[in-house]
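Enquirer: Quick one: the structure is below, questions incoming.
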Ligand SMILES: *Cc1c(COP(=O)(O)O)cnc(C)c1O
């Protein structure tokens with residue numbers, strides 16, 4: 352285990368992953384299993400460590416966005432099933448075979464290309480067929496104008512493809528208004544009807560899945576074999592109004608580098624957007640937008656130091672930001688600064704900073720930069736450190 356320099360870092364609490372799995376499982380009916388979505392480096396948490404941990408607690412199906420992510424997991428000795436949810440270019444099909452990775456097939460044409468490749472290289476490729484029931488992104492189109500059963504049958508007849516699963520994706524399961532809820536049910540019905548048509552044609556596709564975190568938390572369905580849990584694993588509810596006792600895994604920490612008193616009228620940072628209206632105490636913190644702390648939080652965000660709230664003043668720089676620490680007693684260089692996470696009675700969540708800048712916790716979470724070391728804790732003990740800059 353390499354160590355890390357206590358300057359700016361992210362702490363990942365693996366015990367909370369275990370807790371969240373339990374919460375998710377309690378929200379699902381018994382037959383459904385969890386497919387863990389670890390794309391985008393496990394939503395910024397470090398994909399292979401999260402995957403190892405998931406494997407060790409019995410979660411044996413992973414989903415990623417692309418081939419690079421899948422190969423990286425294999426290189427870290429993750430041996431379970433891995434599904435690529437997105438596009439893999441035909442020029443890279445051989446990696447699917449080499450690393451035994453399951454590919455999403457989203458059109459008849461794409462299936463034909465993959466089948467052609469598999470026949471030429473005399474191998475069989477595992478696929479899941481993607482059905483577009485209303486997301487409008489990828490998949491065979493299934494709606495009131497289009498029935499894709501024929502295409503599924505044609506894919507089924509292609510050589511050297513093993514159809515291990517079929518799935519669809521909700522567009523609005525996280526929204527609570529009636530129209531969104533109705534649309535989610537429509538999507539589910541379209542998918543369920545297609546599945547029964549497939550069955551009636553004696554085509555056996557072992558796995559089916561449609562629910563994301565919002566879907567599984569809100570609809571608790573038992574008709575499908577898997578649910579694809581992403582953000583809920585990491586302890587954030589996709590539905591703000593649902594307080595379901597998920598515990599966030601990640602805290603983002605930095606330290607106080609420098610403290611000074613500035614006089615009334617002094618300007619702070621680029622563009623002089625902040626001018627002190629009285630004498631104040633200012634601390635400089637070595638974290639900026641290059642670490643994934645959004646510049647949009649300039650003059651809006653806040654941090655915790657010694658359990659107290661300190662507002663960000665002026666423009667957030669690439670590598671540093673300034674906070675007003677006038678009201679924080681006994682502050683000194685080296686004190687820990689919490690940008691995400693709890694300190695004393697206060698807590699700042701990804702949800703909180705996202706709301707301030709009109710984006711979603713998915714975005715702020717996966718933005719946490721690659722120069723921020725991840726420090727992993729289990730049973731209160733530091734168990735692993737990863738550093739993308741040097742190893
Ligand atoms: C990202 C993604 C998920 C996970 O969504 P969450 O809302 O994070 O649970 C599931 N399915 C697909 C196809 C995705 O792209």
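Numbering (the working numbering), first residue to last: 352 to 742.
A virtual CB, placed ideally from N, CA and C, is assigned to each residue, including glycine.
All of these numbers come straight from a predicted model, not from anything done at the bench.
1. Check whether the stretch 388-400 and the stretch 723-740 are in contact - that is, three or more C-beta pairs closer than 8 Å.
2. In angstroms, rounded to a whole number, what distance separates the CA positions of residue 362 and residue 667?
3. Along the alpha helix (DSSP H) that carries residue 406, what are the first and last residues, could you check?
4. Given that a residue counts as buried once 16 or more other Cβ atoms are within 10 Å of its Cβ, and exposed if not, what is residue 542?
5. I believe residue 637 touches residue 670 by the beta-carbon criterion, under 8 Å. Please report the beta-carbon distance rounded to the nearest angstrom.
6. Let me check understanding here. Comparing Cα to Cα, which of 445, 486, 699 and 681 lies closest to residue 466?
7. Alpha carbon to alpha carbon, how far is residue 590 from residue 471?
8. For a test of the three-state rule: what should DSSP assign to residue 579, helix, strand or coil?
9. Any idea what DSSP makes of residue 646, helix, strand or coil?
10. Applying the criterion that 16 or more other CB atoms from any shown protein chain within 10 Å of the CB defines a buried residue, is residue 575 buried or exposed?
11. Using CA coordinates, which residue listed in 373, 690, 656 and 583 is at the minimum distance from residue 678?
12. Rounded to whole angstroms, what's the CA-CA distance from residue 687 to residue 693? Just pull it up for me.
13. Can you give me the Cβ contacts of residue 459 inside the same chain, cut-off strictly under 8 Å, excluding the 5 residues immediately before and after it?
14. Going by the C-beta, is residue 564 closer than 6 Å to any heavy atom of ligand 1?
15. With a threshold of 8 Å, are at least 3 pairs of Cβ atoms found where one atom belongs to the stretch 447-455 and the other to the stretch 413-426?
16. Quick check on DSSP: helix, strand or coil for residue 711?
17. Does the stretch 610-622 come into contact with the stretch 632-652, if we say contact requires no fewer than three beta-carbon pairs (one atom in each stretch) closer than 8 Å?
18. Answer yes or no: do residue 588 and residue 561 have a C-beta to C-beta separation smaller than 7 Å?
Expert: With the given structure in hand:
1. yes
2. Position 11 of the chain shown, counted from the start, is the residue given in the question as residue 362. Position 316 of the chain shown, counted from the start, is the residue given in the question as residue 667. Looking at the two C-alpha atoms, the distance is approximately 22 Å.
3. Counted from its first residue, the chain shown places residue 406 at position 55. Segment 398-407, the alpha helix (DSSP H) holding residue 406.
4. To locate residue 542, count along the chain shown from 1; it is residue 191. So residue 542 counts as buried.
5. Along the chain shown, read from residue 1 onward, the residue named residue 637 stands at position 286. Along the chain shown, read from residue 1 onward, the residue named residue 670 stands at position 319. Right, the Cβ-Cβ distance comes to about 7 Å (below 8 Å), so this counts as a contact.
6. Position 115 of the chain shown, counted from the start, is the residue given in the question as residue 466. Selected option, being the one with the closest Cα: 445.
7. Taking the chain shown and counting its residues from 1, the one referred to as residue 590 is at position 239. Taking the chain shown and counting its residues from 1, the one referred to as residue 471 is at position 120. Each residue's alpha carbon lies about 47 Å from the other.
8. The residue given as residue 579 occupies position 228 in the chain shown. Three-state DSSP puts residue 579 in a strand.
9. Numbered from 1 along the chain shown, position 295 holds the residue referred to as residue 646. DSSP places residue 646 in helix when its eight states are reduced to three.
10. Counting from 1 along the chain shown, the entry for residue 575 is found at position 224. Flag for residue 575 reads buried.
11. Start at 1 with the first residue of the chain shown, and residue 678 comes out as number 327. Nearest option by C-alpha distance: 656.
12. Residue numbering aside, residue 687 sits at position 336 when the chain shown is read from its first letter. Residue numbering aside, residue 693 sits at position 342 when the chain shown is read from its first letter. Computed Cα separation, rounded: 11 Å.
13. Numbered from 1 along the chain shown, position 108 holds the residue referred to as residue 459. Excluding positions up to five away in sequence, the list reads 491, 502, 505 and 506.
14. To locate residue 564, count along the chain shown from 1; it is residue 213. Because some heavy atom of ligand 1 lies under 6 Å away, the Cβ of residue 564 counts as near it: yes.
15. yes
16. The residue given as residue 711 occupies position 360 in the chain shown. It is coil, neither helix nor strand.
17. yes
18. By 1-based counting over the chain shown, the position of residue 588 is 237. By 1-based counting over the chain shown, the position of residue 561 is 210. No, the Cβ-Cβ distance between residue 588 and residue 561 is not below 7 Å.
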